[in-house]
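Structure, as structure tokens:
Protein chains: 2
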Amino acid sequence: MYSKELLKGTIEIIILKLLVENGSMYGYEITQQVKNLTKGKIVISEGALYPTLHKLEAIGVLSTEIIHIGRRQRKYYHVSEVGKDISALKMQELSSFLHSLNQILDFKLSS
Amino acid sequence: MYSKELLKGTIEIIILKLLVENGSMYGYEITQQVKNLTKGKIVISEGALYPTLHKLEAIGVLSTEIIHIGRRQRKYYHVSEVGKDISALKMQELSSFLHSLNQILDFKLSS
DNA sequence: TCCTTATACCTTGGTATACAAGGTAATTAA
DNA sequence: TTAATTACCTTGTATACCAAGGTATAAGGA
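Residue numbers (this note's numbering), protein chains in the order written: chain A, 36 to 146; chain B, 36 to 146.
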């Protein structure tokens, strides 16, 4: 696992990116997908996930829908229209920041 | 200026990288070099810089030497032998983290 | 049957890191 | 002589994250 500090500021963007791409996801699904995509190297804890989702919902970036699977419930999140613009800005900001950071660290990060 | 949160966890590595490369620098010089290298996009505030330098000195990663320029003093920092190993590990960790992050965000970050 | 693991939501308390703002003082430029 | 720059520093505040805990259903293994 990485130094916890590195994740700071990126969790929100990770969540938004996944939601924009997949249209609609529930919390647990997000944690699993992050784990899978990064082969377990990045793990979003629930103590970070849920407060972030609730905050994004509160400010109108996300909206929710509760679905019942048997007796269990799932809360699906999706990005609102306003949220899409905000997401795009945040992505752009992170991309630009990483580019600046690379000016100092000279990492080779082409995938 | 970027969202402050993005810098979290990277300031220490930025400082170490510059010190490893330049051998020896003083605080103010570090802030200026970061500003120059990133065209003003990344700015390390003094409230972040000095506590970090002091912490790294306290744990033996950095050692210091005070030089007098006229009546003014400069405190030069350089990376100790142990510090070099720790720096390398931290660089590796950040590089790996960014690679994982890229698995989700698909940025094109080749410089 | 029972126990563990996985699914699925959530909250609370603690920690760490950075910023804003402030303080001191010498030097240089206008 | 005044402002800007150089150069060190500290204090108080915000916040984002994690660890740990809580609740409950579902599925799989012994």
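The C-beta atom is built at its ideal place from N, Cα and C for all residues, glycine as well. Treat the numbers as computed from the prediction; the structure is a model and nothing was measured.
Taking C-beta to C-beta, are residue i and residue j nearer than 8 Å?
| i | j | result |
| --- | --- | --- |
| Ala77 of chain B | Leu136 of chain A | Here the sequence assigns Ile to residue 77 of chain B, which means Ala is not the residue at that position. For Ile77 of chain B and Leu136 of chain A, yes; Cβs fall inside 8 Å. |
| Tyr112 of chain A | Leu88 of chain A | yes |
| Lys125 of chain A | Ile48 of chain A | yes |
| Ile79 of chain A | Thr99 of chain A | no |
| Leu133 of chain B | Leu133 of chain A | yes |
Could you check the C-alpha separation between residue i and residue j for me, to the nearest Å?
| i | j | result |
| --- | --- | --- |
| His103 of chain B | Val55 of chain A | 56 Å |
| Leu91 of chain A | Phe142 of chain A | 32 Å |
| Glu64 of chain A | Lys70 of chain A | 10 Å |
| Ala123 of chain A | Lys110 of chain B | 43 Å |
| Gly75 of chain A | Arg107 of chain B | 51 Å |
| Ala93 of chain A | Asn57 of chain A | 21 Å |
| Gln68 of chain A | Lys39 of chain B | 27 Å |
| Ile121 of chain B | Leu53 of chain B | 14 Å |
| Glu4 of chain A | Gly95 of chain A | Chain A is shown from 36 up to 146; residue 4 of chain A falls before or after that span and cannot be answered. |
| Gln127 of chain A | Gly105 of chain A | 41 Å |
| Ser131 of chain A | Gln138 of chain A | 11 Å |
For my contact list, residue i and residue j are in at a C-beta cut-off of 8 Å; report their separation, rounded to the angstrom.
| i | j | result |
| --- | --- | --- |
| Gly118 of chain B | Leu97 of chain B | 6 Å |
| Leu140 of chain A | Gly44 of chain B | Their Cβ separation, rounded to whole angstroms, is 13 Å, which puts Leu140 of chain A and Gly44 of chain B out of contact at 8 Å. |
Any beta-carbon of chain B closer than 8 Å to the one on residue i?
| i | result |
| --- | --- |
| Glu40 of chain A | yes |
| Phe142 of chain A | yes |
| Val69 of chain A | yes |
| Gln127 of chain A | no |
| Ser98 of chain A | no |
| Thr87 of chain A | no |
| Thr73 of chain A | yes |
| Leu51 of chain A | no |
| Lys110 of chain A | no |
| Leu54 of chain A | no |
| Tyr63 of chain A | no |
| Ile94 of chain A | no |
| Ile101 of chain A | no |
Residues in its own chain within less than 8 Å of residue i by CB, not counting five upstream and five downstream?
| i | result |
| --- | --- |
| Tyr37 of chain B | Lys76 and Ile77 |
| Gly62 of chain A | Glu81, Leu84, Tyr85, Leu88, Lys110 and Tyr112 |
| Ser145 of chain B | For Ser145 of chain B, the predicted structure reports a pLDDT of 46, less than 50, and the residue's modelled location is therefore unreliable. The matter cannot be settled from this model. |
Strictly under 8 Å for the Cβ-Cβ distance: is residue i near chain A by that measure?
| i | result |
| --- | --- |
| Ser122 of chain B | no |
| Ser130 of chain B | yes |
| Leu136 of chain B | yes |
| Gly44 of chain B | yes |
| Lys119 of chain B | no |
Which same chain residues end up closer than 6 Å to residue i when comparing Cβ atoms and leaving out the 5 residues on each side of it in sequence?
| i | result |
| --- | --- |
| Ser59 of chain A | Tyr111 and His113 |
| Ile101 of chain B | Gln108 and Lys110 |
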